[in-house]
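Numbering (this note's numbering), first residue to last: 31 to 276. Think of the CB as a built atom: it goes at the ideal place given N, C-alpha and C, for glycine as much as any other residue. These notes concern the structure reproduced below.
Structure below.
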């Protein structure tokens, strides 16, 4: 029997780089996973429902569908990562409208999802929410790792991910009495075929000597969704190879 046996869990963006292994891990642990995606034709054992997490009516319709078909919601993983096409431009070139839109799409969507799903969890006096943040929601970026490349760390990313961490603490404090737990998982750099010079720069700094993989993240998420973490809430679990330890 898996640690997530019979749990009904929503994962937003469950067809992406980090989302897919999370979905697969939940299923392997006995959970029923609903992959909430805006546009996905992939299927890896979960039910896929079309959900635009930036649209309140789409969120409401998705929750209603899940409750009609599954009867409850035991877990939520806020993993989706919507962003504008100019996401990676340098700080001095960011239009204010782009900044506003990215904060709205990413941080405000997590607010809407939590606000709509927590009342459902309260009815069962139980629930676990895992928000995917980042090391750069806790520490400032090391821009040296981008030397020799055209890459940079988007400014809005730090603001959004830092907001996710403290918003999670707020929810953990507010809803602890309802037995609803809210935690974060903060990945370090994940290998996604970046330029070799970036990979080398990164791996020279991180204590474990390698970039992370998507499969490194999913066990931490599964643990925080499970009853094995029943006395853990308001925590930010760093899965970063030791990056934030130095």
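Within the continuous alpha helix (DSSP H) that includes residue i, where are the two ends?
i           : result
residue 142 : 139-153
residue 128 : 126-133
residue 173 : Note, residue 173: premise wrong, no alpha helix (DSSP H); not H, not E.
residue 233 : 226-235
Under the assumption that residue i contacts residue j (Cβ atoms under 8 Å), give the Cβ distance between them as a whole number of angstroms.
i           : j           : result
residue 67  : residue 43  : 7 Å
residue 215 : residue 169 : Wrong, their Cβ atoms sit about 16 Å apart, outside the cutoff.
residue 212 : residue 202 : 4 Å
residue 190 : residue 137 : 5 Å
residue 4   : residue 162 : Residue 4 lies beyond the stretch modelled for the chain, which goes from 31 to 276, so this question has no answer here.
Which one of the options has the shortest CA to CA distance from residue i?
i           : options            : result
residue 111 : 134, 209, 36       : 134
residue 56  : 32, 246, 237       : 32
residue 85  : 63, 139, 144       : 139
residue 248 : 78, 192, 69, 267   : 267
residue 171 : 132, 89, 218, 34   : 218
residue 83  : 127, 142, 50       : 142
residue 64  : 47, 95, 87         : 95
residue 144 : 120, 259, 103, 62  : 103
residue 117 : 276, 183, 242, 261 : 183
State the DSSP-derived secondary structure class of residue i, mapped to helix, strand or coil.
i           : result
residue 250 : helix
residue 86  : helix
residue 267 : strand
residue 242 : strand
residue 211 : strand
residue 258 : helix
residue 180 : coil
residue 97  : helix
residue 114 : coil
residue 53  : helix
residue 41  : strand
residue 108 : strand
residue 220 : strand
residue 168 : coil
residue 122 : helix
If you follow the beta strand (DSSP E) that residue i is in, where does it begin and where does it stop?
i           : result
residue 158 : 157-162
residue 198 : Counting along the chain, residue 198 falls outside any beta strand (DSSP E), though it belongs to the alpha helix (DSSP H) covering 185-205.
residue 80  : 77-80
residue 67  : 62-67
Check: Counting pairs of beta carbons, one from the stretch 191-201 and one from the stretch 254-262, are three or more of them closer than 8 Å?
Finding: The stretch 191-201 vs the stretch 254-262: no contact.
Notebook entry, point to check: Are the stretch 97-116 and the stretch 35-49 touching, with three or more C-beta to C-beta distances below 8 Å?
Noted result: As far as the Cβ criterion goes, the stretch 97-116 touches the stretch 35-49, which means the pair count is three or higher.
Note to self: Would you call the stretch 219-233 in contact with the stretch 178-187, where contact means no fewer than 3 C-beta pairs closer than 8 Å?
What the structure shows: Because the criterion of three Cβ pairs below 8 Å is met, the stretch 219-233 and the stretch 178-187 touch.
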